[in-house]
Every structure is written in C-alpha cells, then in structure tokens.
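Mapping of the sequence shown onto the numbering used here: residues 6 to 317, in sequence order. Every residue gets a Cβ at the ideal spot worked out from N, C-alpha and C, and that includes glycine. For clarity, every value in this text was computed on a predicted model and none was experimentally measured. Reading through the structure tokens given below for one structure.
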Amino acid sequence: MPIEFTHVPGKPADGSFFYDFAETATKLSLIEDAGFRKLVVDDPAGLLANMDIAAQTLDRTASLEVVLTHWAGVIEPTVAARQLAALDRKGGGRLSLRMLSEPFEDCDAEARPVGHSIVWQRIDEYLVLLKRLWSNEKPFDHEGAFYSVRGGYVPRKGPHGADLTIRLGGQSGTALKAAGRHADVFELAAGSPDQVAQLMQRVRSAAAEHGRAGRLRFALPVRIHPQGWADASDRKAVEVAGPAARLALSLLPYAALGIEEFMVSGIDRPREIARIGRETITLVSNSLARREADIPRPGPRASRFFTGVRAG
C-alpha cells in the first residue's frame, strides 16, 4: 500500500498556524499540492476552535483529509456526534477523529476524572456512544459510569456512519486496551525501529482480542529539522535532519515495518513544505514502489529497497 504523509502544523509561541486563515488557505493549497494526504487540526485554542478550523479546511481544500483532534469530556457525546457527522458530510467523508487522553487546556480540570485508567475508561465509553449515535436508526437510552443519555439519536449521519476513522495512541496497557477495541489508526510513540516494532506487536495483540488485528494501520510522528539539529527537542516524534535523500533514508526502515503513514511536523514555511513534497515524499514513495515491484520476482537478486536513494 502506498505510504501516506500527514502534515502536522506547528504551535508557534506567537500564535496559531491557523490564526490568519487567508494566509493559511494558501499554505493548505501548497500542502495539498505537495503530496500530503492529511492535515492534523490541533489548535491551542481547544476543541471548539478545532471544529471551526476543520470546517474551514474542508471548505478550502478538495482532497486533503482532516484529522480532527478531540477529547472526551469537553462536550457531551450527543452534541459531539451531531457536530462530527455534520463535518463528515461537509467534507464528503474526508474527516477522521484523533482522540487524545488529555485536553491541551486545563479549563475543565474540575470535571476531568482523576487517574490514568479512569481517563481511558471514559474515552472507551465516549467512543462506544459515538458509534451507537452514528449507527442507530432509532433513539436509545444509556446509563454508564461517565455518561447518561436519554433518547440519544443523530438523524443525519455522516458518509462514514459508525465507520468514521478513529485514531488513538499511548503505551500503557490501559491505553492499548482501548486502542485494540476502537482504533483504526494507531499513532506510535517515537523510538528506534526495534522499539517501534515491539509497540506495533503489542497493539496488534490488543486488537486481536477484539478480532481487529487486520484492521489496524500505523502512523509514526516525525519531526524534520530543516536547519539542522539545533532545536531538536521533540521526544514525541522521531527526529530527522539533512537533505532530502538523507531524510528519505531515515524513514525507509520504519516504512519497512509496515507503517503506512508519517505524521510530519517542523515544516510550516511554504518553501519547506514544497521541498519536502517535491523531494523527500517523492523519494520515499518511489523507493517503496520499487521494493513492492521486486517482491514477487523469483531469483537470487537482492531486493533494491534502497536503490536510487543516496544520502547527500
């Protein structure tokens, strides 16, 4: 399967990537043209701002998919289900839901459950409710540990219905249990190829308990440092630097593990976006295409997995 690249906008200290949406619209067009398939919407202003930005992004782009960052507990699941279904309709099915365990802001600290396992239990119940609201053809009642719903119903479903793509992450057993039940895409933690492979196996095992091991796709966060390593500080992403060929060589071992998506951050300037799309994305995609073309061919000739990519 072709590798996908997702653009993750930065969070500059002086504002938001989406602060001036007229300027952002130009960047969105460039991101789309550069070969990125998806855009993560995770604004410092929080969930409601994310939904507004997602709507504007879907309006301003033709094919770019929006990965909407979301948190359980900020709004009621019945309200969220209606708003997300409307966004999914607006984008013609170009929406996916990225669930984080904690909000960026602490404004709802009093209402937030305490304890790691309880946070994930609430996410689990929240996702169960969203899927019921997106699929049920008649109103239903629900009484759970965190949510009480009476006559819950979403009359206008999105194109995906209950199959809207859900993205989760985490490394604890509790987080992996929730991911195994709900995640279509699992966002991996940074690490060496061996460490990432071990985490992928743990996630697959958790998904296998629900008969979903074959449904999982994996995404790896990658931070590119266009100017070198001077500001390397993001422990949540695999950090790479250098010219296009070197960047491609750094990513290929991870792609060989079966990762199908790279979530790229660190490149918000138009020139950087264009260069990564024109050079690095093309090199990685072409190298993987050559590898796939070589796999079914018999004979002693070694695979040309790295052919055509030389570090500069």
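Test item: CB-CB of residue i and residue j under 8 Å
i	j	result
I229	L262	no
G196	L89	no
L92	L63	yes
L33	T66	yes
L193	L173	no
V159	A246	no
T5	L138	Absent from the structure is residue 5, since the part of the chain shown begins at 6 and ends at 317.
A106	G175	Before going further, note that residue 106 is Ser rather than Ala in the sequence given. Yes; because the gap between Cβ atoms is below 8 Å, this pair is in contact.
P231	I272	yes
L44	H12	yes
Residue burial classification, residue i (beta-carbon count within 10 angstroms, cutoff 16)
i	result
V96	The residue asked about is misnamed: residue 96 is Gly in this sequence, not Val. Classification for G96: buried.
E244	buried
S68	exposed
H187	buried
R240	exposed
T31	exposed
D129	buried
D48	buried
Q126	buried
P144	exposed
E9	buried
S210	exposed
I171	buried
L53	exposed
A39	buried
G219	exposed
P14	buried
DSSP state of residue i mapped onto helix, strand, coil
i	result
H75	strand
E142	coil
F10	strand
S21	coil
E81	coil
I272	coil
V245	strand
V159	coil
L63	helix
Counterpart residues of residue i in DSSP-defined beta bridges
i	result
V45	V72
A224	E192, E266
G97	For G97, which the question treats as bridged, DSSP gives no partner whatsoever.
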